[in-house]
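To start, the structure itself, in structure tokens.
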Amino acid sequence: MEPIEDWRRSQYASEITTEDFESEVTVGGWIQDIRNLGGIAFIQLRDRTGVVQVTVIKKEHGKEFFKKITSLPRETVIMVKGKVQPNEQVASGFEVLPKEMKVLGMANTPLPLGVVDKVDADMDTRLDARFIDLRKEEVAAVFKIRSTILSAVREVFESEGFIEVHTPKIVATATEGGTALFEASYFEKKAYLNQSPQLYKQMLMATGFDRVYEIGPAFRAEEHDTTRHLNEFTSIDIEIAFSDEEDAMGVLERCVYNAILRTREKNEKEMRILGADMDIPALPLQRITYSECLDMIKEGGFEMEWGEDFPMEAMKILGEKVPDFFFITKWPTKSKPFYTQPYEDKPEVCRGFDLQYKEKEITSGAQRVHDVELLKKRLEEQGLNPSEFTFYLDAFEYGMPPHAGWGLGAERLTMILTGMQNIRECVLFPRDRKRLVP
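Position one of the sequence shown corresponds to residue 1 (this note's numbering), numbered consecutively onward.
What follows is the structure, given as structure tokens:
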């Protein structure tokens, strides 16, 4: 292998245009394939934007150079300096005739996973060799779209006056109760990985920040082993003071709208590679109450009682009746976390909401309880001890405005916008019930 020294790319593959014809460029990437026809060889050199053909002619470049370049294994990293020449027989319309080459990273053989081979590999094989898997254009496309989605939601937050915050991920108590917690040893104390920034972002509503958002990791020790669940995920969270659930839903639907708009603008190539095509939804998104959903489910032939959470069979019926994004509002209070605000005149119903895409739940949110006495009562009703939440409840004792918010899984939204069927496709290195490496 050779040192890179002062060599740097002049362009990515997709940045070479007709204006570069007959001029010298420096390109770098991975050898995707080599076709050696004896006196001429075609090297497909791949970078993150596409593939450039490097054409080596033995009698022009010399036997030694020809042998050196054609004997390299696939997926070896090289850089090439050469002249761009038009060639209508190449898909890109040009080729590079090399003058110099550096071998920067030699690939072992055989590869643990093919990059352009037609043979499909199972999910475990792909994840075990994720660094190779991510070289595939259809896999990389998911993460380019994911990047755009995160940029698009930040664009909404920044334009609407939100402050970015980062809350602790090592905590002393559960956010929502229950046993879905990863325990950690914290010096002489017991600690947990945080399930959600929920309690901390609510506490920040007592500070006068008014509007906060956080994009960061969250952890759930649930023993699910499905195509829809992860044990570590990226949570997009907001909280807004002096607001109710309608304000929170408004921000959420604008985030979804902007994410779809930006991916259509910036990721046309990636969407085409994935065969994904989502229409930009009309705002406001449809609001359907829990009771209305229950009636629709019963009409679809599935019986359940008011107050129950909707099982997947029920959600499939809803997804068939409302094949788009929609909110489910006015949930039974007992089905939502302790911090969800009940309606004052009908306390069995709360100001919680879920955002759905067909049968898939994307987000939960609500107006929160801001009355400290009601908050203590709600904790007790759900079998939690208010004394264990003193750090949180203290923020409500000295002036807490009404507030609302939501938490959105970045992977869930990416999964829907890209059409992926397994949520593991939407995270670089998944953490699930069975996988802790790579």
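Note that beta-carbon positions come from the ideal geometry of N, C-alpha and C, so glycine has one too.
| Asked | Found |
| --- | --- |
| Beta carbon of M315 nearer than 7 Å to that of E359 | yes |
| Extent of the continuous alpha helix (DSSP H) run through Y392 | 390-393 |
| Expected contact under 8 Å - CB spacing of L84 and I16 to nearest Å | Note on identity: in this sequence residue 84 is Val, with Leu being the wrong assignment. V84 to I16, Cβ: 6 Å. Contact. |
| Reference V369; option with closest CA among K68, T234, G93, Y392 | Y392 |
| Pick from N87, Y357, R433 that is closest to T414, judged by C-alpha positions | Y357 |
| Distance between I236 and G161 (C-alpha atoms, nearest Å) | 16 Å |
| Closest residue to A248 among D33, R154, F353 (Cα-Cα distance) | F353 |
| For I31 and R228, believed in contact at Cβ under 8 Å, the rounded distance | Incorrect: roughly 37 Å between the Cβ atoms, too far for contact. |
| G307 beta carbon less than 7 Å from that of P332 | yes |
| Cβ contact (3+ pairs, closer than 8 Å) linking the stretch 70-81 and the stretch 97-110 | yes |
| Beta-carbon separation (whole angstroms), L417 vs I149, contact threshold 8 Å | 7 Å |
| Selected residue, minimal CA-CA separation from I288, among V119, K67, V322, K201 | V322 |
| Span of the alpha helix (DSSP H) around C293 | 290-299 |
| Rounded Cβ spacing between F325 and L285 (contact assumed at less than 8 Å) | 5 Å |
| The stretch 252-267 / the stretch 215-235 touching (three or more Cβ pairs under 8 Å) | no |
| Q382 versus P337, E425, D210, A191, residue with shortest Cα-Cα distance | P337 |
| Residue(s) in a DSSP beta bridge with P86 | F94 |
| Exposure of F495, with buried meaning 16 or more beta-carbon neighbours within 10 Å | Nothing can be reported for residue 495: it is not among the residues displayed for the chain, which extend from 1 to 438. |
| CA-to-CA distance, K201 to D394, given in whole angstroms | 14 Å |
| Short Cβ contact (7 Å threshold) for D47 with A13 | yes |
| Same chain only: Cβ atoms within 7 Å of D20, ignoring 5 sequence neighbours per side | V84 |
| Stretch pair the stretch 125-137 + the stretch 106-117: three plus CB contacts closer than 8 Å | yes |
| Option in G301, Y290, G250 with minimal Cα separation from L283 | G250 |
| Status (buried if at least 16 other CB within 10 Å, exposed otherwise) for A218 | buried |
| Pairwise C-alpha distance: G216 and Q195 | 11 Å |
| Cβ-Cβ distance between F233 and E411 below 7 Å | yes |
| Unbroken beta strand (DSSP E) run spanning R35, endpoints | 24-36 |
| Local conformation of A276 per DSSP, three classes | coil |
| Residue interval of the beta strand (DSSP E) (run including V51) | 50-57 |
| Three-state secondary structure (DSSP) of M249 | helix |
| Residues that DSSP places opposite W406 in a beta bridge | I238, G365 |
| Proximity of E397 and V372 at Cβ, strictly below 7 Å | yes |
| Alpha-carbon spacing of L408 relative to K434, whole angstroms | 24 Å |
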